[in-house]
Amino acid sequence: MKKLIIALCFLIFITNSHLLVGCNNKDKDNNSQTNPPAPSHTCEANYNITYREANGILTIGYPCKTCNKIFDPQSEITADFVIKTTDYNINSILSAVKPGDVIVYKSGKHSSDLQVSLNEITIYGETGTILNGLKCGNLTNTKIENIEFESHTELKTDVNGLSFKNCKFSFGVLCESPIKNISFDRCEFIDITSSKETAIRLYNYDNLTVKNCVFENIAYNAMQVGKGKGNCQIYGNTFKDIKSRIIYLIEIDNLSSCVIENNIFYDHHQNYVPDESYDDMGCKKETGVYIYTKSSSGVINIGINTWENIPEYSIEFITPLAVYNYNEQIKLI
1 MKKLIIALCF LIFITNSHLL VGCNNKDKDN NSQTNPPAPS HTCEANYNIT YREANGILTI
61 GYPCKTCNKI FDPQSEITAD FVIKTTDYNI NSILSAVKPG DVIVYKSGKH SSDLQVSLNE
121 ITIYGETGTI LNGLKCGNLT NTKIENIEFE SHTELKTDVN GLSFKNCKFS FGVLCESPIK
181 NISFDRCEFI DITSSKETAI RLYNYDNLTV KNCVFENIAY NAMQVGKGKG NCQIYGNTFK
241 DIKSRIIYLI EIDNLSSCVI ENNIFYDHHQ NYVPDESYDD MGCKKETGVY IYTKSSSGVI
301 NIGINTWENI PEYSIEFITP LAVYNYNEQI KLI
C-alpha cells in the first residue's frame, strides 16, 4: 500500500510539471504573436532631389535620409524608352521614337552615339547618369534633364529648341552652326580646365537663356556667344574663378533685347591687365573682363547684380554699350 501511494504521488507530480511547462510555452507563443512590431522610422527628406526609374515609371522627388525611398514624389512620369548601360544599339532602340515620347537613361556610364532625329522628345537621366559627351544635331524642341556630360558636347546642324536642365558639364558646350532657342537652367559648369576651354560657346544663335547656373573654375570664358538674334537673357547665375572674360557677347547688333541681372559675380578685377597676355592662369584682358562685346551698336542692359567687388563703369570692366548703374548694385557679403 505504501508503495502504491508513493507511485501515485510521483505520477501526479510528473503530470502537473508537464502541464506547467506546457502553459509557459503557450504564454511565450502568445506573447510573440500579440507583441506589436518595433515602430518604423519617420521618413525625413534628403535635400538632394533624386530621379529614379522602376517598372517604366520615373519618379522625381526627395528620398528619405534613412531608407532612401522617395516618399515625397514631385512627379511621376511614364517612360516610353529605358536605356540601360548595356544597350549599345541606342539608335536602333530609338528608331521608333515619336513626338511626345520620354526617354530615360539608367544610372551609370553610357555611349554618346545619338544619330536619330528627335522632335518634341524629353530625355531624363536617373541620378548618376553619365554620358561620354554628346555630338548630335537634328533636334527640335528637345529637353535634356539630369545628365552629367564627362566629355565635349558638340551640337551640329538643325537644332531648334533645346533645353538643358539640372545637367553637369566637365567640358564645354560648342555649336558652330546656327542654333535657335537654346536654354540652360540650373546646370553646373565646374572645373572645365582644358586649355582655353569656354563653358558655353555658340557661333550664331537666335534666342538664348542661361539661368540659375553655376560657372566655376573655367579655363577661358564662362560664355562666348557670337552673332545674336532675338533675346539673350542671363540671370540667377553664379560666376566664380573664370580665367579670362566672364561674359563675352561678341556681336549684339541684331539682338531684340539683352538682359543680365540677379547674378552673383565673384571678384574678377585681377583679370584686367594693361597689355593683354596669356599664361597658365588664363588669358587676361585689357577691356571688359566682366562683360564685353566687340559690337559698335546695340545695348546690354545690366540690371541689379550681386558682386564680391563691384566694378566701376569703365572700359576695363564693363563694355561702354552697357546700361549699368554702379549705385544700384549689391555688395556680396
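Anchor point for the sequence shown: position 68 equals 68 in the working numbering, and the numbering is continuous, going up by one each time. Glycine included, each C-beta is placed from N, C-alpha and C at the ideal position. Since the structure is predicted, the reported quantities are computational estimates derived from the model, not experimental observations.
- Query: Can you tell me whether DSSP reads residue 75 as helix, strand or coil?
  - Reply: Position 75 of the sequence shown holds residue 75. For residue 75, the secondary structure class from DSSP, reduced to helix, strand or coil, is strand.
- Query: Do you know offhand how far residue 22's Cα is from residue 67's?
  - Reply: Position 22 of the sequence shown holds residue 22. Position 67 of the sequence shown holds residue 67. The predicted position of residue 22 is uncertain, since its pLDDT is 37 and thus under 50; no value can be drawn from it.
- For the beta strand (DSSP E) containing residue 192, list its first residue and its last residue. Looking up residue 192 in the sequence shown gives position 192. That run of the beta strand (DSSP E) goes 188-192.
- From the DSSP output, in three-state form, read off residue 269 for me. As a first step, residue 269 is located in the sequence shown; it is residue number 269 there, counting from the start. In the structure shown, residue 269 sits in a helix (DSSP, three-state: H, G or I).
- Message: From the DSSP secondary-structure annotation, give me the bridge partner or partners of residue 52.
- Response: Against the sequence shown, residue 52 aligns to sequence position 52. Answer is 59.
- Task: Report the three-state DSSP secondary structure of residue 92 (helix, strand or coil).
- Result: Taking the sequence shown and counting its residues from 1, the one referred to as residue 92 is at position 92. Helix.
- Query: If residue 51 and residue 127 are in contact, beta carbons under 8 angstroms, what's the gap, nearest whole angstrom?
  - Reply: Locating residue 51 in the sequence shown gives position 51, counting from the first residue. Locating residue 127 in the sequence shown gives position 127, counting from the first residue. 5 angstroms between Cβ atoms; contact.
- Between residue 131 and the rest of its own chain, which residues show a CB-CB distance below 6 angstroms, the 5 nearest in sequence each way excluded? What you label residue 131 is simply residue 131 of the sequence shown in a count that begins at 1. Hits under 6 angstroms: 110, 112, 147 and 149.
- Task: Look at the alpha carbon of residue 92 and the alpha carbon of residue 103, and state the distance between them as a whole number of angstroms.
- Result: Counting from 1 along the sequence shown, the entry for residue 92 is found at position 92. Counting from 1 along the sequence shown, the entry for residue 103 is found at position 103. Each residue's alpha carbon lies about 14 angstroms from the other.
- Task: Using alpha carbons as the reference points, say which of 289, 99 and 259 lies closest to residue 310.
- Result: Within the sequence shown, the letter at position 310 stands for residue 310. Residue 289 is the option with its Cα nearest to residue 310.
- Using three-state DSSP, classify residue 197 as helix, strand or coil. Position 197 of the sequence shown, counting from 1, holds the residue named residue 197. In this structure, residue 197 counts as coil in the three-state DSSP scheme.
- What three-state label does DSSP hand residue 317 in the structure shown? Here residue 317 refers to the residue found at position 317 of the sequence shown. Coil at residue 317, not helix or strand.
- Task: Check whether the Cβ atoms of residue 298 and residue 252 sit closer than 8 angstroms, and answer yes or no.
- Result: Reading the sequence shown from its first residue, position 298 is the one you call residue 298. Reading the sequence shown from its first residue, position 252 is the one you call residue 252. Taking 8 angstroms as the Cβ cut-off, residue 298 and residue 252 qualify as a contacting pair.
- DSSP-derived helix/strand/coil call for residue 326: Counting from one through the sequence shown, the residue named residue 326 turns up at place 326. Three-state result, residue 326: helix.
- Message: Tell me which residue opens and which closes the beta strand (DSSP E) that residue 145 is part of.
- Response: Position 145 of the sequence shown, counted from the start, is the residue given in the question as residue 145. That run of the beta strand (DSSP E) goes 139-145.
- Query: In angstroms, rounded to a whole number, what distance separates the CA positions of residue 296 and residue 257?
  - Reply: As a first step, residue 296 is located in the sequence shown; it is residue number 296 there, counting from the start. As a first step, residue 257 is located in the sequence shown; it is residue number 257 there, counting from the start. Near 16 angstroms, if we compare the C-alpha coordinates of residue 257 and residue 296.
- Query: Is DSSP giving residue 113 helix, strand or coil here?
  - Reply: By one-based count along the sequence shown, residue 113 stands at place 113. Note: residue 113 maps to coil in three-state DSSP.
- Opposing strand residues paired with residue 218 [DSSP bridges]: Taking the first residue of the sequence shown as 1, we reach residue 218 at position 218. As DSSP reads the structure, residue 218 sits in a beta bridge with 192 and 242.
- Query: Do you know whose CA, among 273, 194, 241 and 232, lies nearest residue 215's CA?
  - Reply: Residue 215 sits at position 215 when you count from the first residue of the sequence shown. When each option's Cα is compared against that of residue 215, the closest is 241.
- Beta-carbon contacts of residue 211 that lie in its chain and below 6 angstroms, excluding the five residues immediately before and after: Mapped onto the sequence shown, residue 211 falls at position 211. Contacts found: 185, 235 and 236.
- Query: residue 182 lies in the beta strand (DSSP E); which residues open and close that run?
  - Reply: If you number the sequence shown from 1, residue 182 lands on position 182. Run containing residue 182: 179-185, per the beta strand (DSSP E) assignment.
- Alpha-carbon spacing of residue 262 relative to residue 328, whole angstroms: As a first step, residue 262 must be located in the sequence shown, where it is residue number 262. As a first step, residue 328 must be located in the sequence shown, where it is residue number 328. Approximately 12 angstroms between the Cα atoms of the pair.
- Message: Is it buried or exposed, residue 225, if we count other Cβ atoms within 10 angstroms and call 16 or more buried?
- Response: By 1-based counting over the sequence shown, the position of residue 225 is 225. So residue 225 ends up on the buried side.
- Query: Quick one: what's got a C-beta closer than 6 angstroms to residue 221's C-beta in the same chain, skipping five residues either side?
  - Reply: Looking up residue 221 in the sequence shown gives position 221. The beta carbon of residue 221 sits closer than 6 angstroms to the beta carbons of 198, 244, 245 and 248 from its chain, once the five residues preceding and following it are set aside; these are given in chain order.
- Item | Chain-order list of residues whose beta-carbon lies under 8 angstroms from that of residue 191 (same chain, five-residue window excluded) | Along the sequence shown, one-based indexing puts residue 191 at 191. Hits under 8 angstroms: 170, 216 and 217.
- Status (buried if at least 16 other CB within 10 Å, exposed otherwise) for residue 41: The residue given as residue 41 occupies position 41 in the sequence shown. The residue is exposed, with fewer than 16 neighbouring Cβ atoms inside 10 Å.
- Buried or exposed: residue 105, going by 16 or more other Cβ atoms within 10 Å of its Cβ? Position 105 of the sequence shown, counting from 1, holds the residue named residue 105. The residue is buried, with at least 16 neighbouring Cβ atoms inside 10 Å.
- Using three-state DSSP, classify residue 206 as helix, strand or coil. Here residue 206 refers to the residue found at position 206 when the sequence shown is read from its first residue. Correct three-state label for residue 206: strand.
- Query: By a C-beta neighbour count over all protein chains shown, 10 Å radius and 16 as the cutoff for buried, is residue 79 buried or exposed?
  - Reply: Translated into positions along the sequence shown, residue 79 becomes position 79. Buried: at least 16 other Cβ atoms inside 10 Å.
- Taking residue 81 as part of the beta strand (DSSP E), name the residues at either end of that continuous run. What you label residue 81 is simply residue 81 of the sequence shown in a count that begins at 1. Here the beta strand (DSSP E) through residue 81 covers 81-83.
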